[in-house]
Amino acid sequence: MSITGIQIIAQGGTLQQKIKYVMFTGAQMLHLFFECFLSQRLTDMSFQIQEHIVIGQWPHQTKLSKCICYIILFFFCSTQGYLQTAGMIAARVDIDVFLEAIPTVLADVVCAIKMFNFTVNFSKMKKLLLIMEDDWKTFSSGPENDILNEYAHFGRKVTIYYTGALYGTLAPLVIVPITPLLLDVIAPMNESYPKHLMFQQIEFLVDAEKYFYPLFILNYLGTVAFLTIIIAIDTMLMVYIQHGCAKFTILGLFLDRIAKSADREISRHNDKFTNVDYKDVVKCIAFHNRTIEFANLVEDANCVSFLSIIGINIIMMTTSALVALFKFMMNETEIAGRFAFFTLGEVCHIFYSSWQGELLLKHSESIFDRAYQANWIDTSVHSQKLMVPFLLRSAIPCRLTAGKMFEMSLKTFSVIVKTSFSYLTVFASMRA
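Numbering (our numbering), first residue to last: 1 to 432.
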């Protein structure tokens, strides 16, 4: 900013050159303000709560505010979805535009599935939050509270990175249509620069020249609304998964304490109701059952939507990568870059969901090892008998699945990406 400010003062060129440097300085100030503003927002309130209030899915939100959020989102999303879908149908006469429209329309479908699933399973989502609230009250201090805080902070960091990644992949899609408008101000010519909407298929449906600015604004607001819904629901899932992982870690801490209490009885045959080790084992079993119920509730609330989204993501990645490849071969690097970033966003999205399933799987698998390594050999006979069914149950890990058929894990992620690019090579060879 200092250097460009000096150039504004010292530049002996034309007024047009000075305007360029003024605009560039303004952009730098806006960039700095934006980053500071985000940090302040993160300090003031929880990121996940804020986004869920925006989309009307926060359980403790009033009915009035929830209804208002729903109406606003429904207007922008339904209007945008109609224009994109109807435009795609109208653009079927142009195969290139039709192919470009498929990934964006499917992205709207993914958003609708996520929103519908969250609404249908609203009671389950609320129950998960209430369980989390009870756990935070139960473990208000000590090492258990430290574990909850550690996983909560990690979840917040991942949420911020994921949000930045998805909004970042949207940047080329947003910047390209607005560039001609900025050039008309910064470097005007005798004729205006050619203007294009964010989604070209809409031009087959509506007179883009006549209604350019209303459609332009609607496209931007609708796209931000769709992406905000996806991010809000995905990041809330991360909150649930991180809390589930924290509960498994706390359970491991309980297992490590077995037969290590300072006031434990030495006799291995004393009464089981007064035996400290027996009570510790019972506590571990009860907490393990509650943790499994929490993980199963997360799975039940999301398994159907995961199945639909995986299938759609394969089509989206294949189509968007195909468009990027074709446009690159035709030297249309601008469109190729937009769809390359769009493909990258889809990869980030499916990786995010698969990685959460992997985290839950690994943490639940670790319980068997922690239980096996616990000092249960020094406990009473009654305690040892309880450890047998506990070990058998802990050998079955908790999983996130897609329709109870596919396990959400990094292995599944690699299969999805491999399948998508296998289809890509087939269709590319057919087009060639």
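Every residue, glycine too, gets a C-beta built ideally from N, C-alpha and C.
- For N313, the enclosing alpha helix (DSSP H) stretches over residues 276 to 329.
- Nearest neighbour of R399 by Cα position, chosen from Y352, H363, L99, turns out to be H363.
- Taken in chain order, the segment 335 to 385 contains no complete beta strand (DSSP E) segment of 3 residues or longer.
- Beta-bridge partners of T419 (DSSP): none assigned.
- Rounded to the nearest angstrom, the Cβ distance from L251 to I367 is 6 Å, consistent with a contact under 8 Å.
- A402 sits in a strand when the DSSP states are folded into three classes.
- In the displayed model, E209 falls within coil according to three-state DSSP, outside both helix and strand.
- Distances from the alpha-carbon of I350 to those of P389, K327, L410, A286 put L410 closest.
- In chain order, K124 place their CB closer than 7 Å to the CB of D300, counting only its own chain and leaving out the 5 sequence neighbours on each side.
- Considering only S383, F342, H288, T319, the residue with the shortest C-alpha distance to V426 is T319.
- With 16 or more other Cβ atoms inside 10 Å of its own Cβ, Q242 counts as buried.
- Taking the Cα positions, I186 is about 15 Å away from P177.
- E203 carries a helical assignment under DSSP once its states are collapsed to helix, strand and coil.
- Beyond the five residues adjoining it in sequence on each side, E144 comes within less than 6 Å, by CB distance, of I250 in the same chain, given in chain order.
- Sixteen is the threshold: since fewer than 16 other Cβ atoms of the shown chains lie within 10 Å of the Cβ of C67, the residue is exposed.
- Comparing alpha-carbon positions, the option among L253, T401, M189 lying closest to W355 turns out to be T401.
- By the Cβ criterion, the segment 210 to 221 is in contact with the segment 75 to 90, since at least three pairs of Cβ atoms, one from each stretch, lie closer than 8 Å.
- S192 counts as exposed, since fewer than 16 other C-beta atoms from the protein chains shown sit within 10 angstroms of its C-beta.
- A336 is positioned such that its CB atom lies no closer than 8 Å to that of A321.
- Beta-bridge analysis with DSSP links E407 to T401.
- Three or more Cβ pairs drawn from the segment 110 to 126 and the segment 301 to 315 lie within less than 8 Å of each other, which places the two stretches in contact.
- Contact check for F287 against F326 fails: the beta carbons are separated by 8 Å or more.
- With a 10 Å radius around the Cβ and a threshold of 16 neighbouring Cβ atoms, F339 comes out buried.
- Approximately 42 Å separates the beta-carbon atoms of D277 and Y352; this is outside 8 Å, ruling out the contact.
- The DSSP-derived three-state label of A395 is coil.
- Burial is judged here by how many other beta carbons sit within 10 angstroms of a residue's own beta carbon; M405 has fewer than 16 and is exposed.
- For R257, the secondary structure class from DSSP, reduced to helix, strand or coil, is coil.
- Scanning the segment 113 to 185 from its first residue to its last, no whole beta strand (DSSP E) run of 3-plus residues comes out.
- With a beta-carbon spacing of about 7 Å, D256 and A374 fall inside the 8 Å limit used to define contacts.
- By the CB criterion at 8 Å, G357 and I202 fall outside the cutoff.
- For A91, there is no enclosing alpha helix (DSSP H), as DSSP marks it with neither H nor E.
- Within its own chain, the residues whose Cβ lies closer than 7 Å to the Cβ of E334, once the five positions on either side in sequence are excluded, are V176, listed in chain order.
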